[in-house]
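2 protein chains.
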Amino acid sequence: MNSRLKSVYSQLKQRGLDALLVSLPANISYLVESLSRDSYLLVSEKENIYFTDSRYVEEAKSFLKNNAQLKECNGSVFKHIASAVIDLGFKKLGIEERYLPFAEFNKIKECAGEGFDLIPTHSIIEDKRQVKDAGEIAKIRKATQITDLVLEHIQKFIVPGVKEIEIVAEAERFIRYHEARASAFDIIVASGHNSSQPHHLSGARKLQDHEPVLIDLGVDYQGYKSDLTRVFFLGKIKVLMRKVYDIVLKAQEKAIKIIRPGAEMAEIDRVAREYIASKGYAKYFTHNLGHGFGLAVHEDPRISRNEASSLKPGMTFTVEPGIYLPNKFGIRIEDMILVTRTGCEVLSGFINNRN
Amino acid sequence: MNSRLKSVYSQLKQRGLDALLVSLPANISYLVESLSRDSYLLVSEKENIYFTDSRYVEEAKSFLKNNAQLKECNGSVFKHIASAVIDLGFKKLGIEERYLPFAEFNKIKECAGEGFDLIPTHSIIEDKRQVKDAGEIAKIRKATQITDLVLEHIQKFIVPGVKEIEIVAEAERFIRYHEARASAFDIIVASGHNSSQPHHLSGARKLQDHEPVLIDLGVDYQGYKSDLTRVFFLGKIKVLMRKVYDIVLKAQEKAIKIIRPGAEMAEIDRVAREYIASKGYAKYFTHNLGHGFGLAVHEDPRISRNEASSLKPGMTFTVEPGIYLPNKFGIRIEDMILVTRTGCEVLSGFINNRN
């Protein structure tokens, strides 16, 4: 039994639960320490059971080891789950209310009958995932290194006349030759006025001279994600673009400077936001300052105005201020941060802005 | 107002609902006829409202036109939704029970107070999506053509010594140079014994002589997906492999032969399954015969033993029998079918098995 599973048991005790039904794939992957797909995991001190179908049985056998029993399900997985809970004599089953669809909740409840109660829970596994262990940090470092190689590779395609989607194509090819399994998300290449949409869909627009190109990319290395944004300029940089770029960069520097264990997440966001506001661009910085990353590209913690929690060593998150001038252009600079015992490390610090 | 939205209104009337809150991205994309992300759509005869956040506002403006009002949400989207429902004087709000998480259901309920009731529904939009219109079929044809080009392109990489993931890399690059937005799913390249896992994760294994290579790939063309599987053989084909291949191919042919409007889905599955059983391989065909595809790569209808519904003209689905011999090899042949008025068309019929 690995220590991640064991640590869930004490959580269950504290909450008066006999077992937890884990349904979010990233949470299951975390607990079994391998990429899990189309499965449910019942976690309890008495027994852990992994429910999946025939398509994934061979794969599951190879990674479950002594962490969980494998149950191959034909027909309704919910009947299998309810039977197992009843057989084990459990009365209180926790479920992940943020991910379990309403209909699945009701199906399990129906199968449970009077046998056991369903208790909504949230964040039991997500809270643990916020703080990374040494093995996880090593994988994140590797994902970051691959990201650096990708950026270097695509330099030669960042020239006038090339389509946004062609840069995506070259990146998607390259990463798979460098030990990444896939990209971490739809890679964003946003040229010219397209960069004013924070999540632009890369398309057939061709890069042009004297325009910015915003590139937001990340890779998946053994399940762990990287997430980085850089803005490149083709030809001469217009005065306003340079000005906005410098404001965003300075806002990021100010935020990173105060990252240390104990610092409040809202405060990190506030420092960047207030600097941008002081320069007159408050209403153009329209999203949170950052988000955690790891097995998911977006996970807790959220670095937001409304997040009163404090940072802990081992947390990994992005710091990505942005200014988006509608129909003109947008600038975002995104780096990956690891909270250390005394402050922080910019994991992506060695990836320079190649302007 | 487009006709897809209008057709929902009569569904609402039949069910005694004032409005439906659509939350599945593919359902929203279908109704607004454009790729939608991170949004909720309230559909009612009185007014349609599209809820999203600042990241997607510019994009939404460009495609919503007169189909729905745009509501940019700061803070809790559920408060915005509940306010809108109350302002419009609605008493019965349908929700999509298969996709709305349990916690979101409760949040909306809490915001609703005594103002309105939440009514679980399912399949209102999915049922409509099963039958494709001419515009959708044209996009699926284009996705299929691109898939053919990809297969032709990757021929030269299907040689001993090349890694599975490198073939994925070349395909992922190529499709983006040919008008596809992305692959439709994680492309599967499964070599040798890896092919015995129906959903193998492509990895670092190198192709070897005298082995099969199973390739399952699809592309996304303007939101519409293709999905096709071919098995290639390197060098000499072993007798057992040839035998199993021929059984799978024959099973597919038999199933396709009986596809016509009115045919029962279970019957299509049964014909292929019984043929495979007659050859002694029943327990090695471990999944359904096929699945619908369109805006999602897996959608209704399911071509399964348990599906008593009948086929209608305009339905598109895969027919993909498979035989998987654990730790030895697996064979799956997957084609894309369109039900016509009198029978069916194999959309991917022009893509030969290039053995």
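These protein sequence lines map, in sequence, to chains H and R. Terminal number for the first sequence in this note's numbering: 356, no gaps in between. Terminal number for the second sequence in this note's numbering: 356, no gaps in between. Even glycine gets a Cβ: it sits at the ideal position worked out from N, Cα and C.
For residue i and residue j, I'd like the C-alpha separation in whole angstroms.
{"i": "alanine 135(H)", "j": "alanine 144(H)", "result": "14 Å"}
{"i": "cysteine 112(R)", "j": "phenylalanine 52(R)", "result": "16 Å"}
{"i": "threonine 230(R)", "j": "tyrosine 282(R)", "result": "20 Å"}
{"i": "threonine 317(R)", "j": "arginine 142(R)", "result": "11 Å"}
{"i": "glutamate 308(R)", "j": "glutamate 105(R)", "result": "30 Å"}
{"i": "leucine 296(H)", "j": "glutamate 97(R)", "result": "28 Å"}
{"i": "isoleucine 29(R)", "j": "arginine 5(R)", "result": "11 Å"}
{"i": "arginine 271(H)", "j": "leucine 22(R)", "result": "34 Å"}
{"i": "arginine 243(R)", "j": "alanine 252(R)", "result": "14 Å"}
{"i": "serine 184(R)", "j": "arginine 16(H)", "result": "43 Å"}
{"i": "isoleucine 257(H)", "j": "phenylalanine 351(H)", "result": "15 Å"}
{"i": "isoleucine 238(R)", "j": "serine 63(H)", "result": "28 Å"}
{"i": "isoleucine 248(R)", "j": "tyrosine 325(R)", "result": "12 Å"}
{"i": "leucine 13(H)", "j": "phenylalanine 117(H)", "result": "15 Å"}
{"i": "leucine 32(R)", "j": "glutamate 59(H)", "result": "39 Å"}
{"i": "histidine 179(R)", "j": "phenylalanine 330(H)", "result": "27 Å"}
{"i": "alanine 27(H)", "j": "glycine 293(H)", "result": "13 Å"}
{"i": "alanine 61(H)", "j": "asparagine 195(R)", "result": "14 Å"}
{"i": "lysine 7(H)", "j": "lysine 108(H)", "result": "28 Å"}
{"i": "alanine 278(R)", "j": "asparagine 75(H)", "result": "18 Å"}
My output table needs one value for residue i: the three-state DSSP class, helix, strand or coil.
{"i": "alanine 144(H)", "result": "helix"}
{"i": "histidine 154(R)", "result": "helix"}
{"i": "lysine 133(H)", "result": "coil"}
{"i": "lysine 207(R)", "result": "strand"}
{"i": "proline 102(R)", "result": "strand"}
{"i": "valine 347(H)", "result": "strand"}
{"i": "valine 78(R)", "result": "helix"}
{"i": "tyrosine 31(R)", "result": "helix"}
{"i": "phenylalanine 186(R)", "result": "coil"}
{"i": "leucine 36(R)", "result": "coil"}
{"i": "leucine 119(R)", "result": "strand"}
{"i": "glutamine 198(R)", "result": "coil"}
{"i": "lysine 26(H)", "result": "A small fix is needed here, since residue 26(H) is proline in this sequence, not lysine. Looking at proline 26(H) - three-state DSSP - the assignment turns out to be helix."}
{"i": "glutamate 335(H)", "result": "strand"}
{"i": "arginine 243(H)", "result": "helix"}
{"i": "phenylalanine 91(R)", "result": "coil"}
{"i": "serine 4(H)", "result": "helix"}
{"i": "isoleucine 50(H)", "result": "strand"}
{"i": "aspartate 228(R)", "result": "coil"}
{"i": "glutamate 254(H)", "result": "helix"}
{"i": "isoleucine 176(H)", "result": "helix"}
Who are the neighbours of residue i on chain R, taking C-beta pairs under 9 Å?
{"i": "glutamine 131(H)", "result": "None at all; the shortest Cβ gap to chain R is about 19 Å."}
{"i": "proline 121(H)", "result": "Phe103, Ala104 and Asn107"}
{"i": "histidine 288(H)", "result": "Asp54, Ser55 and Arg56"}
{"i": "leucine 36(H)", "result": "Leu202"}
Please compile the residues from chain R whose C-beta is within a distance smaller than 8 Å of the C-beta of residue i.
{"i": "phenylalanine 146(H)", "result": "Here residue 146(H) is glutamine; the residue named in the question, phenylalanine, does not match the sequence. Under the 8 Å cutoff, chain R gives no residues; its nearest Cβ is about 17 Å from glutamine 146(H)."}
{"i": "leucine 22(H)", "result": "The contacting residues do not exist; leucine 22(H) stays about 12 Å from chain R at best."}
Residue j and residue i - do their beta-carbons sit closer together than 9 Å?
{"i": "phenylalanine 1(R)", "j": "aspartate 228(R)", "result": "Nothing about residue 1(R) can be read from this structure; chain R reaches only from 2 to 356."}
{"i": "glutamine 70(R)", "j": "glutamate 48(R)", "result": "yes"}
{"i": "isoleucine 334(R)", "j": "glycine 323(R)", "result": "yes"}
{"i": "glutamate 274(H)", "j": "leucine 290(H)", "result": "Residue identity differs from the one stated: residue 274(H) is arginine in this sequence, not glutamate. Against a cut-off of 9 Å, the Cβ pair of leucine 290(H) and arginine 274(H) comes out as a contact."}
{"i": "isoleucine 168(H)", "j": "serine 124(H)", "result": "no"}
{"i": "aspartate 19(H)", "j": "leucine 119(H)", "result": "no"}
{"i": "leucine 218(R)", "j": "threonine 319(R)", "result": "no"}
{"i": "arginine 261(H)", "j": "leucine 339(H)", "result": "no"}
{"i": "glutamate 165(R)", "j": "serine 197(R)", "result": "no"}
{"i": "serine 55(H)", "j": "histidine 288(R)", "result": "yes"}
{"i": "serine 310(R)", "j": "glutamate 265(R)", "result": "yes"}
Residues of chain H with CB closer than 8 Å to the CB of residue i, please, in chain order.
{"i": "proline 199(R)", "result": "Ser55 and Arg56"}
{"i": "phenylalanine 358(R)", "result": "A question about residue 358(R) goes unanswered here, because the residues of chain R that appear run from 2 up to 356."}
Taking C-beta pairs closer than 7 Å, name the residues in chain R that residue i reaches, listed in chain order.
{"i": "isoleucine 166(H)", "result": "Arg177"}
{"i": "tyrosine 100(H)", "result": "Pro102"}
{"i": "proline 327(H)", "result": "Glu59"}
Under the assumption that residue i contacts residue j (Cβ atoms under 8 Å), give the Cβ distance between them as a whole number of angstroms.
{"i": "valine 86(H)", "j": "valine 44(H)", "result": "Rounded, the Cβ-Cβ distance is 12 Å, inconsistent with contact."}
{"i": "valine 151(H)", "j": "alanine 170(H)", "result": "Between alanine 170(H) and valine 151(H) the Cβ distance is about 12 Å, and since that is not below 8 Å, they are no contact."}
{"i": "glutamate 137(R)", "j": "tyrosine 225(R)", "result": "6 Å"}
{"i": "isoleucine 155(H)", "j": "valine 214(H)", "result": "That pair is no contact at about 10 Å."}
{"i": "threonine 341(R)", "j": "proline 314(R)", "result": "6 Å"}
{"i": "leucine 235(R)", "j": "glutamine 209(R)", "result": "7 Å"}
Name the chain H residues that come within less than 7 Å of residue i, Cβ to Cβ?
{"i": "arginine 174(R)", "result": "Ala170, Glu171, Glu173 and Arg174"}
{"i": "alanine 183(R)", "result": "Asp187"}
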